[in-house]
Ligand SMILES: NC(=O)c1ccc[n+]([C@@H]2O[C@H](COP(=O)([O-])OP(=O)(O)OC[C@H]3O[C@@H](n4cnc5c(N)ncnc54)[C@H](O)[C@@H]3O)[C@@H](O)[C@H]2O)c1
Ligand SMILES: [Zn+2]
């Protein structure tokens, strides 16, 4: 390099004096410059490659594309919002008003941290909670292009050799086939996984469930860090250790319990979440209110407009309240042998509706399908109807919940549902024991529930019929 520099200085000294000689020297100068540039390029590539190998820089995204599609394309507006968010935060790591909820499990308690800008702090938080040398970020094709780079940088800065693997977004891809493709990518990484590796789930509930299942089964189980990005994942799926993929025979039929080491909720990323998805997350919040906390139902009603408008402070408050409810239920009954089943309120009929009207394994794509939160909303309306007919819940309380769901842009009626078909699916659900259906129904008023396993077919058909009424 120094020799090259010396040549260049000499050349500029001679060119003004001798024409022919000047031409020759000019050519030499051009050639020298080219060699310098080439050498600089080769040297830079070498330095970057070494840093990646040493885990000091994130590797480029390894994109998983079973359908061969181009997953780089993200909505331009989302990219703009994400850039704005990055600019606002400046990638800064100053804690603002971090909220912390602990899941008090006897053998391995873990923290759920909630703050704006937490994405940039995932690295040190993961290192503290899980240790290890390599981190595999699992994300989807919507969330990855927005947030994987920031997350990967934080992990690399914290000392992890970091790799990003991604799969096409959406419930139809929550399958074993996706898991298998992810394993192919993970084992092909320049730093292969070891028992100390960490899997980081960056995305909505689908990503969380898939990443959790990968973490539970990779080398018989490695540490999991959940970084949820949808409201539903924030308040529900990222907490509690249930991981699963779907099967054509039904939802979540293949899975494992595998608790995360830490859950990092960055409230800022909700700015890029579709409003429809925001409402779906709110459905699970209504569920939490109905099963445990009447004041949450009132609060949701009072703050509905602000929440739907994306008010950051209200959303933080909402997430903290809901995560606290979920954490308490999980701590009480980690493996769902008893009261954790209360979290299934609205899901018995909801899952069956999702199986027939939702976007599930094998379905073609978008279109007029119901999302998980939509189905849960309808399931809650149906369950409330059964509770009212059993005189477990006053009719005005059921109407109150319906009004709230409606204010939150959630469906409360659905015509054309086939009662016998839904019943058949419900009997195959993994929560049905020997074909006996277990219903979680409000007990006395909003804020408390009980499990009932003597709900009759007639009551179920009546509730499905009620969903079809004006
Ligand atoms: N494990 C559990 O305890 C548990 C609990 C509840 C639900 N779930 C599961 O969660 C899934 C539903 O989760 P979901 O509603 O988050 O669905 P999802 O993961 O499909 O996310 C919804 C959509 O929003 C996109 N997205 C997510 N975050 C984003 C962001 N910040 N910006 C832009 N786009 C974003 C996703 O790419 C996806 O297209 C279902 O499969 C359900 O079974 C699991
Ligand atoms: Zn749910």
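Residue numbers (the numbering used here): 18 to 487.
Beta carbons: idealized from backbone N, C-alpha and C, even for Gly.
Those residues which DSSP pairs with residue i across a bridge
i: residue 155; result: 182 and 218
i: residue 116; result: 131
i: residue 279; result: 128 and 242
i: residue 264; result: 267
i: residue 458; result: 467
i: residue 450; result: 453
i: residue 272; result: 261
i: residue 433; result: In DSSP, residue 433 forms no bridge with anything.
i: residue 306; result: Answer by DSSP bridge pairing: none, since residue 306 is not bridged.
i: residue 387; result: 375
Closer than 6 Å: residue i CB and nearest ligand 1 heavy atom
i: residue 183; result: no
i: residue 476; result: no
i: residue 289; result: yes
i: residue 306; result: no
i: residue 389; result: yes
i: residue 361; result: no
i: residue 448; result: no
i: residue 302; result: no
i: residue 396; result: no
i: residue 55; result: no
i: residue 159; result: yes
i: residue 286; result: yes
i: residue 226; result: yes
i: residue 253; result: yes
i: residue 467; result: no
i: residue 186; result: yes
Heavy atom of ligand 2 within 6 Å of residue i beta-carbon
i: residue 393; result: yes
Inter-residue CB distance, residue i and residue j (contact presumed, cutoff 8 Å)
i: residue 485; j: residue 439; result: Rounded, the Cβ-Cβ distance is 12 Å, inconsistent with contact.
i: residue 242; j: residue 394; result: Contact doesn't hold; Cβ gap of about 30 Å is too wide.
i: residue 252; j: residue 298; result: 6 Å
i: residue 279; j: residue 128; result: 6 Å
i: residue 151; j: residue 214; result: 5 Å
i: residue 366; j: residue 396; result: 4 Å
Buried versus exposed, by CB contacts within 10 Å (16 or more), residue i
i: residue 388; result: buried
i: residue 508; result: Because the chain spans 18 through 487 in this model, residue 508 falls outside it and cannot be assessed.
i: residue 302; result: buried
i: residue 89; result: Unreliable positioning characterises residue 89 in this predicted model, as indicated by a pLDDT of 37, which lies under 50. The coordinate reading is nonetheless provided below. It counts as exposed.
i: residue 191; result: buried
i: residue 83; result: At residue 83 the pLDDT is 32, less than 50, meaning the model places this residue with poor confidence; the figure from the coordinates comes in the next sentence. Result: exposed.
i: residue 78; result: Legend: pLDDT at residue 78 = 36, less than 50; position of this residue unreliable, no value from coordinates given.
i: residue 169; result: buried
i: residue 140; result: buried
i: residue 333; result: buried
i: residue 292; result: exposed
i: residue 471; result: exposed
i: residue 447; result: exposed
i: residue 445; result: exposed
i: residue 66; result: Residue confidence for residue 66 is low, a pLDDT of 46 falling below 50, so the modelled location carries little weight; the figure read from the coordinates is stated next. Residue 66 is exposed by the Cβ-count criterion.
i: residue 111; result: Low local confidence applies: a pLDDT of 44 at residue 111 is under 50, so the model's placement there is unreliable, with the coordinate-based value given in what follows. Residue 111 comes out exposed.
i: residue 451; result: exposed
i: residue 331; result: buried
i: residue 43; result: exposed
i: residue 266; result: exposed
heavy atom of ligand 4 below 6 Å from residue i C-beta
i: residue 463; result: Ligands present in the displayed structure are limited to ligand 1 and ligand 2, and ligand 4 is not among them.
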